[in-house]
Amino acid sequence: MTPEMEGAVHLLRCLLVSLCVYPAMAYTATPESGVPAAEGSAVAPAESAPSDALATEAVEAWQAVLKQRVMARWDALIRRDFEAAYSFTSPSYRALFPLNVFKSKFGNKVAWRRVEVVTIEPKGEDAATVGIDLHVGYHQPQSEQTLEMKTYIKEPWVRVDGQWWYVMKD
Numbered sequence: 028m029t030p031e032m033e034g035a036v037h038l039l040r041c042l043l044v045s046l047c048v049y050p051a052m053a054y055t056a057t058p059e060s061g062v063p064a065a066e067g068s069a070v071a072p073a074e075s076a077p078s079d080a081l082a083t084e085a086v087e088a089w090q091a092v093l094k095q096r097v098m099a100r101w102d103a104l105i106r107r108d109f110e111a112a113y114s115f116t117s118p119s120y121r122a123l124f125p126l127n128v129f130k131s132k133f134g135n136k137v138a139w140r141r142v143e144v145v146t147i148e149p150k151g152e153d154a155a156t157v158g159i160d161l162h163v164g165y166h167q168p169q170s171e172q173t174l175e176m177k178t179y180i181k182e183p184w185v186r187v188d189g190q191w192w193y194v195m196k197d
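Have a look at this one:
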């Protein structure tokens, strides 16, 4: 395959990913009012129906599975086990980018300490944004001290074939 064709195939794959994944992660409104769900709420309000209890149980079940995947991914990153962390990226990302490209995205100036899942915001049935508090240590070369910090980040996740995957931003 010529370099031009490889470039065209790469662009088509990127387009396919953006057409399939990003609409599923779009900011959603509540069904009753059309008003966006409250910022920071863990779950968007559900429509009132007799099966609210079952719906709540189903939401709690998939959120627990997603939280477990998020924590396992970060556990691998904290251990700097990039091969294990790579296995949590979406199948479409892994089809486009090999492990060495994934590894190259990480430096060594910051030491990840621990994470806490703060929110899980559904974005349709098969996508969610997970808000986490990330605790890090940053080594300051000038003072020879480590500065401990906490930051809040949001991570996009998608469910493909029943499994949750991290959507790696490239």
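Residue numbers (this note's numbering): 28 to 197. Virtual Cβ for every residue (Gly too), placed ideally from N, Cα, C. Given the structure is predicted, the values throughout are model-derived calculations rather than measurements.
How should residue i be labelled, buried or exposed, when 16 other C-beta atoms within 10 angstroms of its C-beta is the threshold for buried?
{"i": "residue 149", "result": "buried"}
{"i": "residue 81", "result": "exposed"}
{"i": "residue 119", "result": "buried"}
{"i": "residue 115", "result": "buried"}
{"i": "residue 27", "result": "This structure gives no information on residue 27, because the portion of the chain shown stretches from 28 to 197."}
{"i": "residue 187", "result": "exposed"}
{"i": "residue 142", "result": "buried"}
Looking at C-alpha atoms only, which residue of the options is the closest neighbour of residue i?
{"i": "residue 117", "options": "97, 136, 106", "result": "97"}
{"i": "residue 130", "options": "139, 144, 113", "result": "113"}
{"i": "residue 94", "options": "147, 187, 79, 121", "result": "147"}
{"i": "residue 106", "options": "163, 170, 196, 85", "result": "163"}
{"i": "residue 144", "options": "196, 121, 151, 179", "result": "179"}
{"i": "residue 137", "options": "104, 151, 121, 128", "result": "104"}
{"i": "residue 189", "options": "83, 92, 79, 84", "result": "92"}
{"i": "residue 196", "options": "168, 128, 84", "result": "128"}
{"i": "residue 161", "options": "139, 135, 170, 84", "result": "139"}
{"i": "residue 108", "options": "89, 133, 85, 84", "result": "133"}
{"i": "residue 191", "options": "83, 177, 89, 135", "result": "89"}
What distance in whole Å lies between the Cβ atoms of residue j and residue i, which are believed to be in contact at a cut-off of 8 Å?
{"i": "residue 165", "j": "residue 173", "result": "7 Å"}
{"i": "residue 153", "j": "residue 194", "result": "Incorrect: roughly 12 Å between the Cβ atoms, too far for contact."}
{"i": "residue 159", "j": "residue 175", "result": "Actually they are not in contact, since the Cβ atoms of residue 159 and residue 175 sit about 17 Å apart, beyond 8 Å."}
{"i": "residue 126", "j": "residue 110", "result": "6 Å"}
Is there a C-beta anywhere in chain C that falls below 8 Å from the one on residue i?
{"i": "residue 99", "result": "Of the chains in the structure shown, none is chain C; there is only one protein chain."}
Q.
For a minimum of 3 consecutive residues, which ranges assigned as the beta strand (DSSP E) are wholly contained in the stretch 93-149?
A. Runs of the beta strand (DSSP E) inside the stretch 93-149: 137-149.
Q.
Which runs of the beta strand (DSSP E) at least 3 residues long sit entirely within the stretch 145-178? Give them in chain order.
A. DSSP assignment within the stretch 145-178 yields the following whole beta strand (DSSP E) runs of 3 residues or more, N-terminal first: 154-167.
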